[in-house]
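Single-structure report; data block below.
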Amino acid sequence: MAAAVTRGVSMALLGIVRRAFPARTATLAAVALLTTSGAAAPGAPAAATDAGHGVIAAASVADVQCAAGAHGERFDPGLRLTSTSNVLLTGTGIITQCSTPPGSHAPDPLLTYATFTFASSTNTISCGAGSGTARFSFRWNDSGTSDATLTVTVNTTPGVGSTFVAQGPVTSGRFAGSVVVATFTLFTGTPQQCANPPGLQYTSGTMPNSTFAHPGGP
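One gets the numbering used here by counting positions in the sequence shown from 1 and adding 5 to each.
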């Protein structure tokens, strides 16, 4: 029953995303990226150096893990093949199939999904690369909230497609002090819009993995 409810919520929000970001200029990812390569075991996110600066450390413990999701975003001006400065990025989405594993600072068996919005005007990005900082606001299914400032990095893998990874600290609300790492698929190939004005203005896709984690220890 819970899985059916989560799927229903996910499809409902994906419908909202599609209406907000028109299908004629958006490309849904055909396949969610697998996170097996270099992925950490549950409760032990990928090793990095400093949780206090928005990076998950090797000894971190997951507060909540979400195994699926969907997103849509708008770029103004549209993305081109070469980098553009001061791109306004706005978006919305949902993360689903969430659970709070042992060791979580806020265990809750009823916590299953969160909707979110994000916005930024400090991005220097193209259709295939770039980075910036965005403010994310998450609203959980029990009405709790989490606000986070995340660094967004766009990457392209030949033959696979483009993704962006959002990573940084939760600054207020539930899981404050934890670090978020979320993976977004963008599109499976360079869209035709990238080569011509006004550029790629909308995109959408899936979210195969999102983790909120705190440093290990009591």
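We put the CB at the ideal spot given by N, CA and C, even for glycine.
Close beta carbons around residue i, own chain, < 6 Å, minus the five adjacent residues each side
i    : result
A171 : L155, V157, A187
N128 : V92, L94, G137
T122 : T97, S142
G110 : The sequence shown places His at residue 110, rather than the Gly named in the question. D68, H219, listed in sequence order.
Buried versus exposed call for residue i [16 or more other C-beta atoms within 10 Å across all chains shown]
i    : result
T211 : buried
T105 : buried
A200 : exposed
S148 : exposed
T150 : exposed
Own chain partners of residue i with C-beta closer than 7 Å, once the 5 adjacent residues on each side are dropped
i    : result
W145 : L116, A119, R179
S126 : N91, L93
Q102 : T11, C71, A72, A73
P163 : none
Sequence-distant residues of the same chain with beta carbon closer than 8 Å to residue i, five excluded per side
i    : result
T134 : Just to set this straight, residue 134 is Ala in the shown sequence, not Thr. The residues are S88, V159, N160, T161.
L86  : S131, C132, G133, T195, C199, A200
Residue i - DSSP class collapsed to helix/strand/coil
i    : result
A200 : helix
A181 : coil
N146 : coil
S65  : coil
V165 : coil
Y207 : strand
G74  : strand
**OP:** At 3 residues or longer, and completely inside the stretch 82-136: list those beta strand (DSSP E) runs for me, N to C.
**Re:** Whole beta strand (DSSP E) segments, 3+ residues: 89-104, 119-130.
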